[in-house]
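Data first, discussion second: the structure below is written as structure tokens.
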């Protein structure tokens, strides 16, 4: 009877090892996208991880009088005429303050994968940066970051909420 018991015990140990090994073999490697504030010399992480740029009080006061958000169409990073109007005002502020810095954060609605939305948010922030650069703003004073769908402006799954989340925000 002890031979039979040792055979059963050995079979149980072997079966457990096979089950564990096959369970580990099916795990797929996953990629992780880390969204963190972009390091800016002289800047620091502030409320909600937003980057604070060391600008003068005059620049900050001037920026407070401007709309800080530009909006995009679904699945697009194209600058609309309305967005161009907002960006032109920021270009004026930045051109008259050549040492001022701005951070442009790209955002998306929740539709699409996390990786796709991070990339789309990056394209939106870059489109705003490129527009400002075309207006004469020094590119080295502009930083871009993407939060994708991670920081929605509006909760919900309505078209209105989606539209509010498809944006780029300018911070001084």
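In mature numbering (1 follows the signal peptide of the UniProt record, and there is no 0), the protein residues as written are -21 to -1, 1 to 151.
Here a beta-carbon is modelled for each residue, glycine too, at the ideal position from N, C-alpha and C.
So the candidates are the options; which of them puts its Cα closest to the Cα of residue i?
| i | options | result |
| --- | --- | --- |
| residue 118 | 88, 125, 83 and 130 | 83 |
| residue 122 | 89, 44, 35 and 79 | 79 |
| residue 58 | 96, 111 and 95 | 111 |
| residue 128 | 96, 113, 116 and 109 | 96 |
| residue 113 | 88, 134 and 63 | 63 |
| residue 131 | 61, 54, 35 and 87 | 87 |
| residue 115 | 98, 93 and 67 | 67 |
| residue 54 | 133, 98 and 134 | 98 |
Could you have a look at residue i and say whether DSSP puts it in helix, strand or coil?
| i | result |
| --- | --- |
| residue 41 | helix |
| residue 33 | coil |
| residue 117 | coil |
| residue 71 | helix |
| residue 97 | helix |
| residue 148 | strand |
| residue 84 | strand |
| residue 135 | coil |
| residue 125 | strand |
Going by beta carbon distance, what residues of the same chain come within less than 6 Å of residue i, once the five residues before and after it are set aside?
| i | result |
| --- | --- |
| residue 147 | 49, 83, 85, 103, 104 and 107 |
| residue 142 | none |
| residue 65 | 46 and 49 |
| residue 89 | 128 |
| residue 56 | 102, 103 and 106 |
Starting from the C-beta of residue i, find all residues in its chain whose C-beta is less than 7 Å away, skip the five residues before and the five after it, and write them out in chain order.
| i | result |
| --- | --- |
| residue 149 | 47, 69, 81 and 83 |
| residue 41 | 72 |
Which whole-angstrom value describes the C-beta separation of residue i and residue j, a residue pair presumed to lie in contact below a C-beta threshold of 8 Å?
| i | j | result |
| --- | --- | --- |
| residue 100 | residue 126 | 6 Å |
| residue 151 | residue 34 | 5 Å |
Got a sec? Which residues, its chain only, sit under 8 Å from residue i by beta carbon, not counting five neighbours each side?
| i | result |
| --- | --- |
| residue 52 | 59 and 145 |
| residue 120 | 73, 77, 78, 79, 80 and 81 |
| residue 134 | 140 |
| residue 109 | none |
| residue 39 | 151 |
*Is the region 59 to 79 in contact with the region 135 to 144, if contact means three or more CB pairs nearer than 8 Å?*
no
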